[in-house]
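In full-length UniProt numbering, the protein residues as written are 1 to 254.
What follows is the structure, encoded as structure tokens:
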């Protein structure tokens, strides 16, 4: 573009600090590529309306080299004007489904997920398929929206967990233990499912090719092995797990 404005968005940014690190890295790479001292950067931080944007903006780095804005809303739909974004970034967010597949809650459905809270560990292929179908629907909407918003020749980077958390099985087992001990109503467990699908590289390739709006320049696995090698790693993992899932559990179970 002949304009000296470069627009970046971080989709599903949460409240930091990872989003700030990522955005500064993107800005730095673009600067090094174009060697244009007149280039001005605008970063749009996006997440759901329930995101704590006040905390996000109070934490903005004082030495940042970009202008910052907040854009509330679901990235499964349009967020920006047509052809207004040069670079879109989304880290650890696309695995969140827009909603729980209704089949999982239907007692008459072959995908009824009774006694479980996720497809992890489920022997019923219908349960897994329900998650896959919802993920594909969500990504179709995601790519269609980005295809309208990103400029010709623009780029997008998606980072997502690939391996499912085995700990979700432990959560489900623990909840059923509470049911068996009479401390929790079984219907509460049957009506709860974690809205997360961990896509494989093949899953991503399939939805991109089916959508047809983008091409894959590079796809790779990083850190394929578990890094939980000592107590410090385990504590860090637990902190991250709590930050990710605590709200889901407290909202449903109280």
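Even for Gly, the Cβ is constructed at its ideal location relative to N, Cα and C.
Following the DSSP letters along the chain, one finds residue 9 inside the beta strand (DSSP E) bounded by residues 5 to 11.
Counting along the chain, the unbroken beta strand (DSSP E) around residue 157 starts and ends at 150 to 159. A Cβ-Cβ contact shorter than 8 Å links residue 111 with residue 130. Residue 120 sits close to residue 166, with the two beta carbons spaced by under 8 Å. Taking C-beta atoms under 8 Å as the contact rule, residue 101 and residue 133 qualify, at a distance of about 7 Å.
By the C-beta criterion, the stretch 144 to 158 is judged to be in contact with the stretch 201 to 217, since at least 3 inter-stretch pairs fall below 8 Å. The three-state reading of DSSP puts residue 40 in strand, counting E and B together. The alpha carbon of residue 192 has as its nearest neighbour, out of 11, 212, 168 and 200, the alpha carbon of 168.
By the neighbour-count definition (other C-beta atoms within 10 Å, threshold 16), residue 13 is a buried residue.
A distance below 6 Å between beta-carbons, with the five flanking residues on each side excluded, links residue 207 to the following residues of its chain, in chain order: 136 and 139.
The alpha-carbon of residue 33 is positioned some 31 Å away from that of residue 77. The continuous alpha helix (DSSP H) containing residue 247 extends over residues 231 to 253. If you compare the alpha carbons of 75, 171, 61 and 20 with that of residue 97, the shortest gap goes to 75.
The C-beta distance from residue 45 to residue 7 rounds to 12 Å, too long to meet the 8 Å contact threshold. Annotated as proximal: residue 194 and residue 248, with beta-carbon spacing under 8 Å. Around the CB of residue 27, 16 or more other CB atoms lie within 10 Å, so the residue is classed as buried. Unbroken beta strand (DSSP E) stretches of 3 residues or longer found wholly inside the stretch 65 to 112: 67 to 72 and 85 to 91, given in chain order.
A residue is called buried once 16 or more other Cβ atoms fall within 10 Å of its Cβ, and residue 113 is buried on that count. In this structure, the beta-carbon distance from residue 64 to residue 24 falls below 8 Å. Residue 143 is a Cβ neighbour of residue 211, given a cutoff of 8 Å.
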